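Its first residue numbered 4, the sequence shown is counted upward by one per residue in this note's numbering.
The beta carbon of each residue, even a glycine, is placed where N, CA and C say it ideally should be.
Since the structure is predicted, the reported quantities are computational estimates derived from the model, not experimental observations.
Read the structure below first, then the notes.
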Amino acid sequence: MPVTILAPRPQQQPQHDADPDAGGDIVTPGEVITSDPQWMRGHGTYTILPSPAIISSVAGTVSRTNKLLSVRPVRARYTPEVGDLVVGRIVEVQARRWRVDVGGAQLAALPLSAINLPGGVLRKRTDTDELQIRSFFAEGDLLVAEVQQLFGDGGAGLHTRSLRYGKLRNGLFASVSGVGGGGGVVRARRQVWTMDVSSTAPSSSVSTARKHHQHSSQTTTAQNPTNNRSIDVVLGVNGYVWISKHVESSAADADSGTTPAGATGIANMEEAVSASMYSSRNDPIDPETMREIVRVRGVITALVENGVRVDEDMVERAYPRGRRDGPRLRRRRGRRLPRRRPRRPAGCHLDRQVKMHTPRRWLSI
4 MPVTILAPRP QQQPQHDADP DAGGDIVTPG EVITSDPQWM RGHGTYTILP
54 SPAIISSVAG TVSRTNKLLS VRPVRARYTP EVGDLVVGRI VEVQARRWRV
104 DVGGAQLAAL PLSAINLPGG VLRKRTDTDE LQIRSFFAEG DLLVAEVQQL
154 FGDGGAGLHT RSLRYGKLRN GLFASVSGVG GGGGVVRARR QVWTMDVSST
204 APSSSVSTAR KHHQHSSQTT TAQNPTNNRS IDVVLGVNGY VWISKHVESS
254 AADADSGTTP AGATGIANME EAVSASMYSS RNDPIDPETM REIVRVRGVI
304 TALVENGVRV DEDMVERAYP RGRRDGPRLR RRRGRRLPRR RPRRPAGCHL
354 DRQVKMHTPR RWLSI
């Protein structure tokens, strides 16, 4: 059978100018994107005068907005935008403010005037509040907040005035890639939601159970408190994820305007703020809930590692698969893991050697 060897085809450059609606063009630093003077350069590009060529300064995908060309990097630090929901960690306590690590190029600032005071009172912050600043947030505390403003140097100002924001507890922290890469946490319609991870709930009805969870959670808990389990998922736009046990409290009801029967709105809000807003003590968590928290974390990590955009819908669709494959993978890992022999104390081996090499008459003395 004759074999014909052809010459290699010349590499064709993508027609950026002729096909402005096409996406997915990957460029590298120093690569010329276009030489057409009708295009304007954006983030991730530069020009060398007098040439009109627009050159990429980072490795990523080309983004076109009207006549503006920009390059979205594959890996980049988080760039704050007003309205973003972020998860951060307190790294420094200063006078009348906290410095928060949100994964950006600079630390974000959380002023003392941008939080809820215990009791829900609305008043001006005093010197007494400044002296008790560590009773609200201390170094190492995790919190969920919203970006309120941007500064000229690229920093961000946060606030936690809503009862849905504040200190995080009863959960697990995970750091994945955020906005900027092909996969990771993206800006979505909702960044915080509650998942029903009950052992008796079918895997196909996870999304349906989640939608009706707020209306029937109290009734279901009273009827079958053992099998009803729920967890809260917080997807920070900055790539920080928090997965925690769902705790039924009146804080969210007071913030949303739905107050339990027999309670006043303002009184309920004050009680919720003073009770658990700044508590650092975790509630007891049963092993089944811990297992589901770790499972959701594994699902999110797997989505990010495979370049899939992570949002509420994608996590809800991937969670049942992880739930079905969990026992099979656990059995497979169990066969591969070798059985470890218990280690003996350091003196055991030495005593045995002494007895073996010592004459019998010496041991009888």
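Quick one: what does DSSP say Tyr168 is sitting in, helix, strand or coil?
The count along the sequence shown starts at 1 and reaches residue 168 at position 165. The answer is coil: DSSP assigns Tyr168 none of H, G, I, E or B.
What are the boundary residues of the beta strand (DSSP E) that includes Arg92?
As a first step, residue 92 must be located in the sequence shown, where it is residue number 89. Taken as a continuous stretch (DSSP letters only), the beta strand (DSSP E) holding Arg92 covers 88 to 97.
What separation, rounded to the nearest whole angstrom, lies between the Cα atoms of Leu52 and Gly158?
Your numbering for residue 52 matches position 49 in the sequence shown. Your numbering for residue 158 matches position 155 in the sequence shown. Computed Cα separation, rounded: 31 Å.
At which residues does the beta strand (DSSP E) containing Arg102 begin and terminate?
Taking the sequence shown and counting its residues from 1, one reaches residue 102 at position 99. Counting along the chain, the beta strand (DSSP E) containing Arg102 begins and ends at 100 to 104.
Gly187, buried or exposed, once every other Cβ within 10 Å from all chains shown has been counted against 16:
For the purposes of this step, residue 187 is identified with residue 184 of the sequence shown, where counting begins at 1. The residue is buried, with at least 16 neighbouring Cβ atoms inside 10 Å.
Taking all protein chains shown into account, decide if Leu146 is buried (16 or more other Cβ within 10 angstroms of its Cβ) or exposed.
On the sequence shown, residue 146 is found 143 positions in, with the first residue counted as 1. It counts as buried.
Secondary structure of Thr131, DSSP reduced to three states:
Translated into positions along the sequence shown, residue 131 becomes position 128. Looking at Thr131 - three-state DSSP - the assignment turns out to be helix.
For Arg312, which of helix, strand or coil comes out of DSSP?
To locate residue 312, count along the sequence shown from 1; it is residue 309. Reduced to three states, the DSSP call for Arg312 is strand.
Compare the C-alpha of Glu34 against each of Ser59, Asp104, Gly107, Leu171 and name the closest.
Along the sequence shown, read from residue 1 onward, the residue named residue 34 stands at position 31. Ranking Ser59, Asp104, Gly107, Leu171 by Cα distance to Glu34 puts Ser59 first.
Is Leu9 buried or exposed, if buried means 16 or more other CB atoms sit within 10 Å of its CB?
Translated into positions along the sequence shown, residue 9 becomes position 6. Burial call: exposed.
Am I right that Leu115 and Arg99 are in contact with their C-beta atoms under 8 Å? What's the rounded C-beta distance?
Within the sequence shown, numbered from 1, the residue matching residue 115 stands at position 112. Within the sequence shown, numbered from 1, the residue matching residue 99 stands at position 96. Indeed, because the Cβ distance is near 5 Å, the residues count as touching under 8 Å.
Mapping DSSP to helix, strand and coil, what is Leu115?
To locate residue 115, count along the sequence shown from 1; it is residue 112. Helix at Leu115.
Which one or two residues does DSSP pair with Pro76 in a beta bridge?
Position 73 of the sequence shown holds residue 76. Note: Pro76 sits in a beta bridge opposite Gly63.
Exposed or buried, which one is Phe154 when buried takes at least 16 other CB atoms within 10 Å?
As a working note, residue 154 is residue 151 in the sequence shown. By the 10 Å Cβ count, Phe154 comes out exposed.
Using CA atoms only, rank isn't needed, just tell me which of Lys170, Val85, Asn173, Arg192 is closest to Gly160.
In the sequence shown, residue 160 corresponds to position 157, counting from 1. Of Lys170, Val85, Asn173, Arg192, the residue nearest in Cα terms is Val85.
Go ahead and label Ala111 buried or exposed: buried means 16 or more other beta carbons lie within 10 angstroms of its beta carbon, across all protein chains shown.
As a position in the sequence shown, residue 111 is number 108, starting the count at 1. Result: buried.
Own chain, CB closer than 6 Å to Ser247, minus 5 neighbours either side, in chain order
Locating residue 247 in the sequence shown gives position 244, counting from the first residue. Counting only Cβ-Cβ distances below 6 Å, and skipping sequence neighbours, we find Asn173, Gly174, Asp235.
Classify Val6 as buried or exposed, calling it buried when 16 or more other Cβ atoms lie within 10 Å of its own Cβ.
The sequence position of residue 6 within the sequence shown is 3, counting from 1. Counting Cβ neighbours within 10 Å, Val6 comes out exposed, since fewer than 16 surround it.
When the Cα of Arg164 is compared with those of Glu295, Ile57, Met280, Arg294, which residue comes out closest?
Within the sequence shown, numbered from 1, the residue matching residue 164 stands at position 161. That would be Met280, whose Cα lies nearest to the Cα of Arg164.
Assuming Ile93 and Gly143 form a contact by the criterion Cβ under 8 Å, report the distance between their Cβ atoms to the nearest whole angstrom.
Here residue 93 refers to the residue found at position 90 when the sequence shown is read from its first residue. Here residue 143 refers to the residue found at position 140 when the sequence shown is read from its first residue. That pair is a contact at about 6 Å.
Taking the alpha-carbon positions, what's the Trp196 to Pro323 distance?
Along the sequence shown, one-based indexing puts residue 196 at 193. Along the sequence shown, one-based indexing puts residue 323 at 320. Taking the straight line from one Cα to the other gives about 17 Å.
Determine the direct distance from the alpha carbon of Val65 to that of Arg192, and round the result to whole angstroms.
Translated into positions along the sequence shown, residue 192 becomes position 189. Translated into positions along the sequence shown, residue 65 becomes position 62. Roughly 25 Å between the two C-alpha positions.
Should Ala305 go down as buried or exposed, given a rule of 16 or more other Cβ atoms within 10 Å for buried?
Locating residue 305 in the sequence shown gives position 302, where the first residue counts as 1. Result: exposed.
What do you reckon, are the CB atoms on Gly325 and Asn241 nearer than 8 Å?
Sequence index remark: in the sequence shown, residue 325 carries index 322 (1-based). Sequence index remark: in the sequence shown, residue 241 carries index 238 (1-based). No, they are not a contact pair.
Candidates Gly91, Ala62, Val89: which alpha carbon is nearest Arg78's?
Taking the sequence shown and counting its residues from 1, the one referred to as residue 78 is at position 75. Arg78 has its Cα closest to that of Ala62, out of Gly91, Ala62, Val89.
Outcome for Thr37 when other beta-carbon atoms lying within 10 angstroms are tallied against a minimum of 16
Position 34 of the sequence shown, counting from 1, holds the residue named residue 37. Classification for Thr37: buried.
Taking the beta strand (DSSP E) that Lys248 belongs to, which residues open and close that run?
The residue you call residue 248 lines up with position 245 of the sequence shown. From DSSP, the beta strand (DSSP E) with Lys248 extends over 243 to 248.
Alpha carbon of Met293 to alpha carbon of Asn69, nearest angstrom:
Within the sequence shown, the letter at position 290 stands for residue 293. Within the sequence shown, the letter at position 66 stands for residue 69. Straight-line Cα distance between these residues: approximately 48 Å.
By DSSP, does Arg137 sit in helix, in strand, or in coil?
Start at 1 with the first residue of the sequence shown, and residue 137 comes out as number 134. It is helical.
Grouping DSSP H, G and I as helix and E and B as strand, with all else coil, what is Gly187?
To locate residue 187, count along the sequence shown from 1; it is residue 184. Correct three-state label for Gly187: strand.
At the level of alpha carbons, what is the spacing between Gly169 and Gly91?
Mapped onto the sequence shown, residue 169 falls at position 166. Mapped onto the sequence shown, residue 91 falls at position 88. Their backbone Cα atoms lie some 10 Å apart in a straight line.
In whole angstroms, what separates the C-alpha of Asp39 from that of Leu72?
In the sequence shown, counting from the first residue as 1, residue 39 sits at position 36. In the sequence shown, counting from the first residue as 1, residue 72 sits at position 69. Looking at the two C-alpha atoms, the distance is approximately 11 Å.
Starting from Leu153, follow the beta strand (DSSP E) in both directions and report where the run begins and ends.
Against the sequence shown, residue 153 aligns to sequence position 150. From DSSP, the beta strand (DSSP E) with Leu153 extends over 145 to 153.
Cutoff 6 Å; reference Val200; Cβ partners in own chain excluding five residues on either side
The residue you call residue 200 lines up with position 197 of the sequence shown. Hits under 6 Å: Arg232, Ile234, Glu295.
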